[in-house]
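Chemist: This structure is in structure tokens; I'll ask about it shortly.
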Amino acid sequence: MSRIKGAELITEYLIANKIPYVFGICGHGNVGMLDPLYAARDRIKLVSPRHEQVAAHMADAYFRVRHEPVATLTSCGPGSANIVMPLACALTDSSALLAITANVPTSQFNRSPFQEINRHFQADFVNIVRPVVKRSFQPTRVDMLPLALRQAMTTMLSGRPGPVNVDVPFNVFQEDDEVELPPPAPPLNAHRSGAAPEDISRALDKILRAQRPVLFIGHGVTLSEASRELTEFAKKLAVPVISSPNGMGCLDMSDTLSLGFIGRNGAFPANEAGRRADLVIAIGARFDDRSASSWLPGYSWNFPNTKLIHVDVDPAELGRNYPPDLGIVADARTFLRQLLAEAEQRGAKPGATGAWLGAITKWRAEWDQFIRPHFETHTSPLRPERVVADCQAVMPPDGIICCDVGVSHNWYMQFWNARRPQTMLNSWGFSGMGFGAAGALGAKLAAPDRPVIAVTGDGCFTMVAHVLCTAVEYDIPVVWVIWNNFGWVSIRDIQLGMFGGREYGTMFHQGANKKPFNPDFAAWAKATGVDALTVTKSQDFRGALEHAVKANKPFLIDVHVDAEVRPPSTGAWQLPPTPFKEPAFGERFIPATAPVK
Ligand SMILES: Cc1ncc(C[n+]2csc(CCOP(=O)(O)OP(=O)(O)O)c2C)c(N)n1
Ligand SMILES: [Mg+2]
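Offset between the sequence shown (1-based) and my numbering: plus 12.
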């Protein structure tokens, strides 16, 4: 055993785990870590964006694309405090990243040195991040590092993945000791849990007996890399598939069995099938309020009238919102493989689902007829549907779209057809503004040979506009599509709907006469060295996007989108105590057949 510095050990361990990047920002607390990273710069690369929030969103998105983690590095105090929000995004969407944070020297614990938080406990960063990570470790001596690092990496990737924090006091980076490099952690999905054989048998019995079955899939299916098995199973037994945002693309959404997203801004056929199904097989999906129409019976789902088989790797998700008739704790791919094997063995054929599939075809046609015209019309400012349709036309099936938060996201939820898994990235559980604009940088580093576009609101983008600097500094060719509607329009619409039409603090205005205001985003981009275009009429958007994607360099397109066109509502969303009412304005899609209520 030879002596090694704590920071060198951390660096070597990251490399041993094939971590190619550290996304981080310096501070006096972590300079001791920068030095060994410099020495190892041929084996692991430091990318230093202009805000810690961006570093963590980048790491989160990198993992979602590759299913391999990267690390972040932030200094003590404020630098690390800046990653709380993106850690919450990663945790609530089960995305992994190793957040290495620095802290004050152990010999100064409790003396209130520069940037220590200690009102309740010494060097207390672990309690700041406690609710937003899967686990925190605070090795206070170099000889504690090997175990902490191995456990941190293993915890992050095992079972339901999530962010993990290793908080390292200043001196632990610097001091040395006789310690050995721990063995690398098993990669994602190295250990898979399976269902009990009798549960597989019971599940298949229920599926074959059902006349109106539907699969509801979520991020768990994506994370377990079960796209092939899901597709095979859905086709073998002709079961249509509803997808939550982070499950999109596991079944190619251009397939006739794909019904799209469910909930207020879901697709009509998905809500219609969800609320009329006699059996729902939910796999790695968690029935949050937005994909369950706030649990109002009859809008998206109809439990307990509908029977539920719920499969998840995390037992905490079973029964959280709807008690399952059959709950199964299992990895999604293993479950699907077990189910396929059982179906094969029994020579199973689709059940009596002909009428069901016929009804779905009718709902799809009805919906298509309703939405289609807006995909094809030209307007100025642009109609939202047109922006989505043109992105779809330009992006190849393996291209990656990194969505931000706000109105634009609602439109993409409703109308984006993801063709492959891990191509549609959404901050779903926490909806942190900036995820799309910043995450796209990480997504592009994860998939350098595929186009990556960020669709981001004018509000979201302004929060992290310095991403342009990082794209230029590190030559990361992301295309930012700014969905520019001159305000926090998603919130404005809630405000207008709930408070008698009064707008306050939700639009961007300049001066007493309330002139709409935004920076000239294209000029702003050009000032950082990023190519840019402004698009104010729909005739110009597709060509601009084609050009930007082909240019394969950082590019910004400022697109002026109509703020007065709202996504059609096919489900519901309620914020108690406000009673749910049909939208005050905006289009509610009224189907030919009355919704089940
Ligand atoms: C960091 C953060 N702050 C505030 C919010 C609340 N919020 C959700 S959407 C939204 C407005 C987004 O504005 P913009 O990016 O312009 O999108 P738009 O809704 O106008 O399309 C706000 C403020 C949030 N989700 N995240
Ligand atoms: Mg906006």
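Glycine included, every Cβ here is placed at the ideal spot set by N, Cα and C.
What I want to know is whether the C-beta of Asp-470 ends up closer than 7 angstroms to one or more non-hydrogen atoms of ligand 1.
Modeler: For this step, residue 470 is matched to residue 458 along the sequence shown. Yes, the beta carbon of Asp-470 sits closer than 7 angstroms to at least one heavy atom of ligand 1.
Chemist: Can you tell me whether Tyr-516 is buried or exposed, with buried defined as 16 or more other CB within 10 angstroms of its CB?
Modeler: Walking along the sequence shown from the start, residue 516 turns up at place 504. Result: exposed.
Chemist: Quick one: Cα of Phe-126 to Cα of Asp-267, how far?
Modeler: Along the sequence shown, one-based indexing puts residue 126 at 114. Along the sequence shown, one-based indexing puts residue 267 at 255. Taking the straight line joining both Cα atoms gives about 58 angstroms.
Chemist: Which ranges would you report for the alpha helix (DSSP H) in the stretch 42-94 if only whole runs of at least 4 residues count?
Modeler: Complete alpha helix (DSSP H) runs here, min 4: 43-51, 64-78 and 90-93.
Chemist: Are Ile-56 and Ile-95 closer than 8 angstroms when you measure CB to CB?
Modeler: As a position in the sequence shown, residue 56 is number 44, starting the count at 1. As a position in the sequence shown, residue 95 is number 83, starting the count at 1. In this structure, Ile-95 does not lie closer than 8 angstroms to Ile-56 by Cβ.
Chemist: Given a cut-off of 8 angstroms on the beta-carbon distance, is the pair Gly-541 and Val-484 in contact?
Modeler: What you label residue 541 is simply residue 529 of the sequence shown in a count that begins at 1. What you label residue 484 is simply residue 472 of the sequence shown in a count that begins at 1. In contact: Gly-541 and Val-484 (Cβ atoms closer than 8 angstroms).
Chemist: By the three-class DSSP mapping on this structure, what secondary structure does Asp-326 have?
Modeler: Here the question's residue 326 lines up with position 314 in the sequence shown. Coil at Asp-326, not helix or strand.
Chemist: For Thr-389, is the classification buried or exposed, using 16 other Cβ atoms within 10 angstroms of its Cβ as the cut-off for buried?
Modeler: As a position in the sequence shown, residue 389 is number 377, starting the count at 1. With fewer than 16 Cβ atoms within 10 Å of its Cβ, Thr-389 is classed as exposed.
Chemist: Give the list of continuous alpha helix (DSSP H) stretches no shorter than 4 residues that lie fully inside the stretch 394-431.
Modeler: Within the stretch 394-431, the complete alpha helix (DSSP H) runs of at least 4 residues are 396-406 and 419-427.
Chemist: Assign Ile-293 to one of three DSSP states: helix, strand, or coil.
Modeler: For the purposes of this step, residue 293 is identified with residue 281 of the sequence shown, where counting begins at 1. Ile-293: strand per DSSP, three-state reduction.
Chemist: Any heavy atom of ligand 1 inside 7 angstroms of the beta-carbon of Ser-60?
Modeler: As a position in the sequence shown, residue 60 is number 48, starting the count at 1. The answer is no for Ser-60.
Chemist: Taking only heavy atoms of ligand 2 into account, decide whether any of them is closer than 7 angstroms to the Cβ of Gly-418.
Modeler: Residue mapping note: residue 418 aligns to position 406 of the sequence shown, counting from 1. Yes.
Chemist: When you compare only the Cα positions, how much space is there between Gly-366 and Arg-224?
Modeler: In the sequence shown, residue 366 corresponds to position 354, counting from 1. In the sequence shown, residue 224 corresponds to position 212, counting from 1. C-alpha separation (whole angstroms): 9 angstroms.
Chemist: According to DSSP, which residues form a beta bridge with His-572?
Modeler: The residue given as residue 572 occupies position 560 in the sequence shown. The partner list for His-572 (beta bridge, DSSP) reads Asn-496.
Chemist: State the beta-bridge partners of Ile-229 as determined by DSSP.
Modeler: Looking up residue 229 in the sequence shown gives position 217. Answer is Ser-255 and Ile-295.
Chemist: Under 7 angstroms from any heavy atom of ligand 1, does the C-beta of Met-510 make it?
Modeler: To locate residue 510, count along the sequence shown from 1; it is residue 498. No, the Cβ of Met-510 stays beyond 7 angstroms of every heavy atom of ligand 1.
Chemist: Examine ligand 2 and report whether any of its heavy atoms sits within less than 7 angstroms of the Cβ of Val-501.
Modeler: To locate residue 501, count along the sequence shown from 1; it is residue 489. Val-501: yes, Cβ under 7 angstroms from ligand 2.
Chemist: Kindly list the residues whose CB is nearer than 8 angstroms to the CB of Leu-269, restricted to its own chain and excluding five residues on each side of it in sequence; keep chain order.
Modeler: What you label residue 269 is simply residue 257 of the sequence shown in a count that begins at 1. Cβ within range, chain order: Ala-246, Lys-247, Ala-250, Val-251, Pro-252, Val-253 and Leu-263.
Chemist: So Ala-430 and Met-265 are supposed to be a Cβ contact under 8 angstroms. How far apart are they, rounded?
Modeler: Here the question's residue 430 lines up with position 418 in the sequence shown. Here the question's residue 265 lines up with position 253 in the sequence shown. Ala-430 to Met-265, Cβ: 5 angstroms. Contact.
Chemist: Heavy atom of ligand 2 less than 7 angstroms from the Cβ of Asn-497, yes or no?
Modeler: Position 485 of the sequence shown, counted from the first residue, corresponds to residue 497. Yes, Cβ of Asn-497 sits closer than 7 angstroms to a heavy atom of ligand 2.
Chemist: Below 8 angstroms, can you find three or more Cβ-Cβ pairs linking the stretch 378-392 to the stretch 230-237?
Modeler: No contact exists between the stretch 378-392 and the stretch 230-237.
Chemist: Quick one: complete beta strand (DSSP E) runs, 3+ long, within the stretch 92-119?
Modeler: Runs of the beta strand (DSSP E) inside the stretch 92-119: 110-115.
Chemist: Could you tell me the boundaries of the beta strand (DSSP E) in which Pro-181 lies?
Modeler: Numbered from 1 along the sequence shown, position 169 holds the residue referred to as residue 181. Looking at the DSSP string, the run of the beta strand (DSSP E) that includes Pro-181 is 176-181.
Chemist: Leaving out five residues on either side along the sequence, give the residues of the same chain with a beta carbon under 7 angstroms from the beta carbon of Met-97.
Modeler: Translated into the one-based positions of the sequence shown, residue 97 becomes position 85. Gln-65 and Gly-444, listed in sequence order.
Chemist: Tell me the residue span of the beta strand (DSSP E) that contains Thr-482.
Modeler: Here residue 482 corresponds to residue number 470 of the sequence shown, with the count starting at 1. No beta strand (DSSP E) contains Thr-482, which is instead part of the alpha helix (DSSP H) from 479-486.
Chemist: If you follow the alpha helix (DSSP H) that Lys-218 is part of, which residue opens it and which one closes it?
Modeler: In the sequence shown, counting from the first residue as 1, residue 218 sits at position 206. Per DSSP, Lys-218 belongs to the alpha helix (DSSP H) from 209-221.
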